[in-house]
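Protein sequences appear in the order of chains A, B, C and D.
Just so we're aligned: the first sequence equals residues 6 to 340 in this note's numbering.
Just so we're aligned: the second sequence equals residues 6 to 340 in this note's numbering.
Just so we're aligned: the third sequence equals residues 6 to 340 in this note's numbering.
Just so we're aligned: the fourth sequence equals residues 6 to 340 in this note's numbering.
For glycine and all other residues, C-beta sits at the position ideal for the given N, C-alpha and C.
Protein chains: 4
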Amino acid sequence: MIIILKKDFEERQMTNLTDWLKSNRLDVHVSKGVNQTILGLVGDTSTVDIDLIRGLDIVEDVKRIQEPFKNANRKFHPADTIVELPGGIKIGGGNFQFMAGPCSVESVEQICLIARKVKESGANILRGGAFKPRTSPYAFQGLRDQGIEFLLEAKRQTGLLLVTEIMDASQLPLFKEIDIIQVGARNMQNFELLKELSHLRKPILLKRGLANTLEELLMSAEYLLAGGNEQVILCERGIRTFETATRNTLDISAVPMLKFMSHLPVIVDPSHATGIARLVKPLSLASAAAGADGLIIEVHNNPPCALCDGKQSLTFETFNEVATAVRNILPHCCR
Amino acid sequence: MIIILKKDFEERQMTNLTDWLKSNRLDVHVSKGVNQTILGLVGDTSTVDIDLIRGLDIVEDVKRIQEPFKNANRKFHPADTIVELPGGIKIGGGNFQFMAGPCSVESVEQICLIARKVKESGANILRGGAFKPRTSPYAFQGLRDQGIEFLLEAKRQTGLLLVTEIMDASQLPLFKEIDIIQVGARNMQNFELLKELSHLRKPILLKRGLANTLEELLMSAEYLLAGGNEQVILCERGIRTFETATRNTLDISAVPMLKFMSHLPVIVDPSHATGIARLVKPLSLASAAAGADGLIIEVHNNPPCALCDGKQSLTFETFNEVATAVRNILPHCCR
Amino acid sequence: MIIILKKDFEERQMTNLTDWLKSNRLDVHVSKGVNQTILGLVGDTSTVDIDLIRGLDIVEDVKRIQEPFKNANRKFHPADTIVELPGGIKIGGGNFQFMAGPCSVESVEQICLIARKVKESGANILRGGAFKPRTSPYAFQGLRDQGIEFLLEAKRQTGLLLVTEIMDASQLPLFKEIDIIQVGARNMQNFELLKELSHLRKPILLKRGLANTLEELLMSAEYLLAGGNEQVILCERGIRTFETATRNTLDISAVPMLKFMSHLPVIVDPSHATGIARLVKPLSLASAAAGADGLIIEVHNNPPCALCDGKQSLTFETFNEVATAVRNILPHCCR
Amino acid sequence: MIIILKKDFEERQMTNLTDWLKSNRLDVHVSKGVNQTILGLVGDTSTVDIDLIRGLDIVEDVKRIQEPFKNANRKFHPADTIVELPGGIKIGGGNFQFMAGPCSVESVEQICLIARKVKESGANILRGGAFKPRTSPYAFQGLRDQGIEFLLEAKRQTGLLLVTEIMDASQLPLFKEIDIIQVGARNMQNFELLKELSHLRKPILLKRGLANTLEELLMSAEYLLAGGNEQVILCERGIRTFETATRNTLDISAVPMLKFMSHLPVIVDPSHATGIARLVKPLSLASAAAGADGLIIEVHNNPPCALCDGKQSLTFETFNEVATAVRNILPHCCR
């Protein structure tokens with residue numbers, strides 16, 4: 006961390022600051038120039054509150070050099086984290102997984118049918134929304150408790166693992182038999198929820214917020230890791246930009262950048278990233294090519310009638326085609 | 006709402022669609038062209054699930070004409086909503102209020118001192134964070150329960166009303182004597198929280214999310230209004246753009262646009278919008294000039310030592326100067 | 006095109022409008038509702054000035070259904086455009102090309118060395134900047150005329166085709182022997198330049214502007230096509246977003262979307278998209294996987310000493326590795 | 006400027022680097038830590054090519070502390086620049102001006118009528134487009150040479166000064182009697198054009214690009230200033246964001262930030278910033294309140310029939326109302 010001091014500070018103020026920094030177990034190197042004095046901080050600065058220092062009277066600016074996340078940082082944990090799921094299913098460290106299923110759970114018949122079909126095409130994990138965050142209070146809000154029950158029935162029938170979204174910590178008792186708890190994009194910075202989930206020892210699928218930087222995503226992962234839950238899967242699902250041809254803009258660079266910055270597995274959601282079914286295949290191939298550890302894809306028995314997001318859901322046939330194409334490209338991908 | 010059908014649909018499919026639309030109490034007008042058939046829907050389309058229709062097999066595209074929010078819509082409620090607070094304090098409909106105070110409550114002495122000072126400068130409402138959403142798990146997270154107690158003590162000593170942020174519905178019991186409950190930018194689309202707050206009969210200060218459109222802000226307000234809580238104050242606090250000279254970009258057009266779209270009062274937070282104390286005065290004047298109904302400003306007894314956001318806090322003297330300048334400009338502002 | 010009329014218009018105004026529209030060879034279908042009257046326009050609306058209609062007194066809003074570009078539109082030209090270059094080199098319609106070379110031409114030795122090396126690795130086209138758009142007036146502005154001469158020497162020595170950037174129409178006489186003229190991102194909407202280039206019968210590489218939509222990119226291509234130059238190659242090179250971990254955000258969805266919207270070939274510049282050499286390989290693979298028709302990659306004999314953009318340039322070895330990996334993945338890609 | 010070296014560099018490499026930096030008249034201060042070595046550069050670093058250093062083998066990162074613009078920097082020119090125009094008209098340093106007129110010059114009668122009317126309402130400068138940058142090749146492109154002639158006729162009849170946009174340096178001979186040459190948003194980084202204009206001794210109105218930072222705007226101003234043209238007026242006209250309720254997002258913070266960073270006058274274009282006539286009044290008041298030195302506003306004799314941008318043009322009556330309101334608020338504004 007670099008601290009640039011204002012011109013005309015008093016010697017005493019600088020001494021106070023350097024003493025305080027040293028008491029935080031940091032080495033301080035002072036460079037005095039004619040126009041500027043700069044303090045170079047050496048040591049573990051990840052827990053230093055940068056806003057606090059920036060607010061000091063004698064400080065003109067502070068620039069981080071070290072990243073503010075430590076547990077999620079690849080520099081301190083060079084080896085890939087591999088999330089291990091029941092039945093020997095793994096994500097990360099060279100293990101690629103398909104998660105597939107409908108946007109919303111609609112009925113027990115629907116979810117069980119979809120489960121069987123996506124399993125046939127090679128998915129090991131079933132997705133399906135029971136609690137649905139919807140922009141409009143008038144839109145379908147999910148089957149909630151009943152949706153969870155239907156998912157569990159699909160698990161019993163097919164043996165697929167389950168991933169589904171939590172919207173509030175009060176719903177946690179319902180998630181006991183859910184294998185991966187999803188934190189949605191809108192809740193990526195719901196810190197109270199993250200703190201609760203950090204006490205679990207269960208994999209969390211953490212989706213990037215629509216307007217959140219990669220560093221912020223890793224800081225939210227850090228909430229989970231700092232609380233002791235090390236089973237975190239990151240998910241790129243599109244960010245909000247000025248472009249309107251697609252619902253969001255898939256930030257494909259996030260895949261190799263996150264894997265460079267962090268040891269956590271990274272998957273991609275090509276369905277939400279653009280909202281257009283036709284783009285799921287090229288973006289799935291691109292995500293695999295860029296080094297993703299998995300895909301989470303919306304599949305529906307009857308996309309045009311899906312209670313939400315029908316436009317972006319694949320049919321069984323198309324999902325099978327996508328999964329096959331991805332498996333074929335995997336040996337030639339970046340990893 | 007306009008539905009554009011794909012070429013080559015079957016007559017039977019269109020009949021099914023128009024019948025279904027009519028059963029939703031909508032009039033359907035069909036325009037058949039050589040290349041395109043268009044359905045014009047007339048009636049209350051605000052509760053129609055646009056994604057559902059977009060997903061239908063014969064539909065190429067759907068375009069809204071009517072806004073999807075109804076309770077928040079000025080078209081149906083032409084008169085300004087005036088939020089009425091204890092002691093005859095009002096916001097909206099020509100009533101302008103200053104909310105001021107520290108980013109975080111730090112001690113009972115601090116918050117009481119700041120309360121007295123901002124009251125002297127004309128603020129009727131004290132702000133101060135007890136529960137703090139922080140990007141880093143290592144940053145100060147607020148005094149929480151104790152912070153609320155200290156705020157209540159400041160209220161007892163000064164008679165100021167209180168506004169403070171809630172982060173989770175489980176904290177609600179602590180907010181009984183809080184006059185305005187703030188929903189922060191990161192929780193604007195925490196729909197479970199919004200549903201809980203919609204059952205209250207207490208003013209809600211709803212901050213715009215960093216990457217949320219004005220329509221989405223009004224849809225979140227609609228969650229509150231649809232649940233029966235009509236006391237909603239909207240707050241523009243800067244959006245996330247590519248510009249890095251300021252922390253966020255204050256969307257000043259949001260003030261007149263929101264007042265055109267909706268009857269709800271609109272205030273501005275110039276402190277968070279830019280993160281730079283020096284900009285608070287020009288942006289406060291600009292916000293008033295554009296027609297805002299109030300300002301929420303960070304003020305601290307000792308800004309350089311503030312436990313968070315010191316860089317953007319005003320001193321007592323500067324806040325007094327800003328409040329005076331705003332009062333002087335008010336008679337010449339847009340309203 | 007859909008025209009939504011304001012309430013309370015006069016019958017005579019509507020008759021004037023529909024008469025005028027019909028005189029533009031458009032069929033007009035009127036849907037009258039209780040609250041709204043809607044005009045559906047059928048025919049070729051791509052040349053209708055939407056702003057003109059939007060400004061009319063009785064018009065509330067206008068919504069396009071047809072795209073405003075015609076020559077670039079795949080709907081009217083279903084077959085892929087294949088750009089044919091000297092020596093039988095083709096781009097598009099299943100033909101994939103590597104363009105490679107330094108950001109700036111620095112000397113005749115440098116550019117000839119790089120040319121030989123990238124040819125060995127499979128590139129058919131040499132890139133290299135002679136005229137350099139630089140944010141700072143104090144940064145290196147390119148060798149200009151001399152840079153073009155050095156490029157031509159490299160062409161003589163290696164037989165590689167040349168692509169280089171033009172910054173102003175007055176430079177055109179220097180571009181006679183250049184095989185592909187590049188219009189840079191900052192000039193994508195330099196309409197005077199586009200008009201000049203539309204009179205040529207030489208391939209144009211049109212880069213997407215940092216803040217331009219796909220529709221705007223196609224409208225700029227339309228300037229070229231409408232003037233008679235049908236040899237246009239589109240290039241995605243990253244857009245500007247809030248994310249700062251990469252210099253720009255590569256919009257990978259642009260590849261399949263542009264190919265869906267248009268018949269023109271689409272290539273990707275992974276070097277400028279992120280500014281980070283380490284990301285060029287994963288993004289090159291991702292671009293090919295998503296269906297791109299080629300790549301334009303920065304390669305330098307000594308990246309750390311490049312006069313500009315060294316950080317994003319590949320060494321000869323790395324470029325060879327990337328080119329090999331891309332060739333291996335091509336048979337499994339989306340096309 | 007701060008240079009952070011990679012771990013494990015060789016001593017000889019660092020000596021080479023520091024020697025080279027010193028030969029550029031910079032003082033170099035070295036801070037060696039256990040994990041990191043940092044070089045602090047003191048002196049005039051504005052002409053140092055940051056990309057060059059960033060590309061060096063032993064450099065991990067470079068961070069600027071000093072701004073890269075010097076002539077435009079308020080630190081080195083504390084006093085406001087006042088642009089002086091014929092007839093004693095001034096902009097900046099407390100002098101506020103209205104520029105008003107149509108988007109496009111349509112006929113000599115139209116422009117002369119508008120000129121008389123905006124003069125009556127207090128404008129000293131007439132705007133009007135002769136050369137029009139239009140996204141679509143099928144939209145009206147301006148009257149070009151003839152448009153300039155009509156503007157000059159309006160100047161003869163009313164004595165108003167003229168501001169109009171140049172699109173290419175080849176048009177310069179037509180601009181001899183134009184008082185202020187406008188560089189449009191799309192040409193803000195047309196560096197060849199900027200270099201040509203830097204040789205003039207005539208005021209330039211430099212509009213901010215849709216996706217350009219304030220620093221980039223000042224770097225483009227630096228092109229003009231470095232070439233010797235000191236008469237530069239900056240113009241904020243809205244940036245591109247995800248928000249679609251307005252055409253662009255007016256970055257009101259740009260006004261006080263630019264005036265803090267630079268000594269150049271700053272005006273605002275509220276018409277293009279949002280594209281909505283109804284918002285021009287509140288945004289004009291807000292701009293003045295925030296400290297702008299002037300406004301450039303679209304006014305048309307018959308807005309619904311304007312050949313372009315009718316939706317955002319004011320009538321004579323509305324412009325008179327806006328100008329009066331702004332004059333009334335000016336004494337209470339930030340300056």
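What does N192(B) reach in chain A if we use C-beta pairs closer than 8 Å?
Neighbours of N192(B) on chain A, chain order: N195.
Could you tell me how far apart the beta carbons of F247(D) and T251(B) are, in whole angstroms, since I believe they sit closer than 8 Å?
Contact between F247(D) and T251(B) is ruled out by a C-beta separation of about 17 Å, above the 8 Å threshold.
Helix, strand or coil: which one does DSSP assign to K68(A)?
The three-state secondary structure of K68(A), taken from DSSP, is strand.
Any beta strand (DSSP E) of 3 or more consecutive residues that is wholly inside the region 240-290 of chain C
Correct list: 271-273.
Would you please state the rounded distance, in angstroms, between the beta carbons of A135(C) and V304(C)? I believe it to be under 8 Å.
The beta carbons of A135(C) and V304(C) sit about 17 Å from each other, so the pair does not count as a contact at 8 Å.
With a threshold of 7 Å between beta carbons, is H268(A) in contact with chain C?
With 7 Å as the cut-off, H268(A) does not count as an interface residue toward chain C.
Decide if the region 45-52 of chain B is in contact with the region 22-33 of chain B; the criterion is three or more beta carbon pairs, one per stretch, under 8 Å apart.
Between the region 45-52 of chain B and the region 22-33 of chain B, the count of Cβ pairs shorter than 8 Å is three or higher; the stretches touch.
Cβ-based contacts, 8 Å cut-off: residues of the region 240-257 of chain A near chain D:
Answer in chain order: R245, T246, F247 and T249.
Segment limits, alpha helix (DSSP H) that includes A328(A)
If you look at A328(A), you'll find it in the alpha helix (DSSP H) that goes F321 to I334.
Relative to the C-alpha of T86(D), which candidate in K137(D), M262(D), A297(D) and Q236(D) has its C-alpha closest?
Among K137(D), M262(D), A297(D) and Q236(D), the Cα nearest to that of T86(D) is on Q236(D).
Return helix, strand or coil for G299(D), following the three-state DSSP convention.
Under the three-state reduction of DSSP, G299(D) is assigned to strand.
Between the region 256-273 of chain D and the region 266-286 of chain B, do at least 3 Cβ pairs fall closer than 8 Å?
Pairwise C-beta distances place the region 256-273 of chain D in contact with the region 266-286 of chain B, as three or more of them are shorter than 8 Å.
If you drop the 5 nearest sequence neighbours on each side, which residues of the same chain put their C-beta closer than 8 Å to that of N234(B)?
Within the same chain, N234(B) has close Cβ partners L202, S203, H204, L205, R206, K207 and I209.
Using 10 angstroms around the beta-carbon of N129(D), count the other beta-carbons present and answer buried if the total reaches 16, otherwise exposed.
Buried: at least 16 other Cβ atoms inside 10 Å.
Less than 7 Å separating the beta-carbons of G296(B) and P270(B)?
Cβ atoms of G296(B) and P270(B): not closer than 7 Å.
Tell me the rounded alpha-carbon separation between D66(A) and I9(A).
Answer to the nearest angstrom: the Cα atoms are 5 Å apart.
Buried or exposed: which applies to E16(D), given that a residue is buried once 16 or more other Cβ atoms fall within 10 Å of its Cβ?
Exposed.
Work out the CA separation of D24(C) and D54(B) for me, nearest whole Å.
Straight-line Cα distance between these residues: approximately 36 Å.
Tell me which residues share the same chain as Q194(B) and place their Cβ nearer than 8 Å to its Cβ, disregarding the 5 neighbours each side in the sequence.
Cβ within range, chain order: G214, N217, E221 and S225.
Candidates L239(D), A291(D), D274(D) and L230(D): closest to A259(B) by CA position
Taking each of L239(D), A291(D), D274(D) and L230(D) in turn and checking the Cα distance to A259(B), the smallest one comes out for A291(D).
Check whether the Cβ atoms of L211(A) and L239(A) lie closer than 7 Å to each other.
When the beta-carbon positions are compared, L211(A) and L239(A) come within less than 7 Å of each other.
For the beta strand (DSSP E) that A77(A) lies in, which residues bound it at each end?
Per DSSP, A77(A) is not a residue of any beta strand (DSSP E), being assigned neither H nor E.
Through-space distance from L223(B) to G133(D), alpha-carbon basis
Computed Cα separation, rounded: 38 Å.
Taking any Cβ of chain C, which residues in the region 207-233 of chain A have a Cβ under 8 Å from it, in chain order?
Under the 8 Å Cβ criterion, the region 207-233 of chain A contributes A216, T218, L219 and E220.
Under the three-state reduction of DSSP, which class applies to F136(C): helix, strand or coil?
F136(C) falls in the coil class under three-state DSSP.
If distances are taken between C-alpha atoms only, which option among K12(B), A144(B), L230(B) and Q115(B) comes closest to P73(A)?
Nearest of K12(B), A144(B), L230(B) and Q115(B) to P73(A), Cα basis: A144(B).
May I have the straight-line CA-CA distance separating H5(C) from N76(C), to the nearest angstrom?
The structure shown does not extend to residue 5(C), since chain C is modelled only from 6 to 340, so the question has no answer here.
By the three-class DSSP mapping on this structure, what secondary structure does I186(B) have?
Here I186(B) sits in strand by DSSP.
Within chain D, the residues that K68(A) reaches when beta carbons sit closer than 9 Å:
The CB of K68(A) comes closer than 9 Å to the CB of I7, K68 and I70 in chain D, given here in chain order.
Tell me the DSSP secondary structure of S318(B) in three-state form.
Taken through DSSP and simplified to helix, strand or coil, S318(B) comes out as coil.
Between which residues of its own chain and I70(A) is the CB-CB distance below 7 Å, once the five residues before and five after are set aside?
So the list reads M6 and I7, once near-sequence residues are dropped.
I want to see whether chain D comes within less than 7 Å of L290(B), judged by CB atoms only; does it?
At least one chain D Cβ lies under 7 Å of L290(B).
If you measure from the beta carbon of P261(B) to each beta carbon in chain D, is any gap under 7 Å?
Under the Cβ distance rule, P261(B) counts among the residues neighbouring chain D, one pair being separated by less than 7 Å.
Quick one: does H277(A) have its CB under 7 Å from some CB of chain C?
It does not; no Cβ of chain C falls within 7 Å.
Give, in chain order, every residue of the region 149-177 of chain D whose Cβ lies closer than 9 Å to some Cβ of chain C.
From the region 149-177 of chain D, only M172, D173, A174, S175 and Q176 have a Cβ closer than 9 Å to chain C.
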